[in-house]
Amino acid sequence: MATVQFKTEISAELELLQQINRALPAELQQQYNDLSAKMRSQTITPEEHQDLLQLIDIVEQADGDRLKHLIQLSQLRNISLTELMEQLQIYPQLVHS
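Following this line, the structure appears as C-alpha cells:
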C-alpha cells in the first residue's frame, strides 16, 4: 500500500513539475516582448496597445497557474514555497516599467 501511495505522489510531482515548467508558446512570448518594448519606447499604436493588453492577460493567467502549481508542489513536499523555489532555482523576475 505504501508503494502505491509513493508512486501516486511521484506521479503527482512529475505532473506538477511539467505544469510549472510549461512556457508560453514562443510566438506569443516574442509578440509580448516586442509590444512591451514598443510600450517602453512609447512607439506603440492604439491597436498594438490593445493586443498587448490581451497578451498581458494571458501572461498573468499563466503566471497565476504556475504559482498555483508551485504552491501545490510545496504542500506535497511539505516545505515552504520559498524553499521549493530555491530547490528548483526559480527566482522572481523583475518587471520593467
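When you line the sequence shown up against our numbering, it's residues 7 to 103, in that order. From the three backbone atoms N, C-alpha and C, an ideal C-beta is built for every residue, glycine too. Since we're looking at a predicted model, the values are computed, not measured.
- Collapsing the DSSP output to three states places L82 in a helix.
- By the C-beta density criterion, S80 is buried, having at least 16 other C-beta atoms within 10 angstroms.
- In this structure, the CA atom of D40 is about 19 Å from the CA atom of D69.
- The beta-carbon distance between L58 and M45, rounded to whole angstroms, is 6 Å. This is short enough to meet the 8 Å contact definition.
- Boundaries cannot be given for S47, as no alpha helix (DSSP H) includes it and DSSP labels it neither H nor E.
- In this structure, the beta-carbon distance from R83 to Q25 does not fall below 9 Å.
- Exclusion of the five residues before and after I64 leaves L34 as the residues of its chain whose Cβ lies within less than 7 Å of its Cβ.
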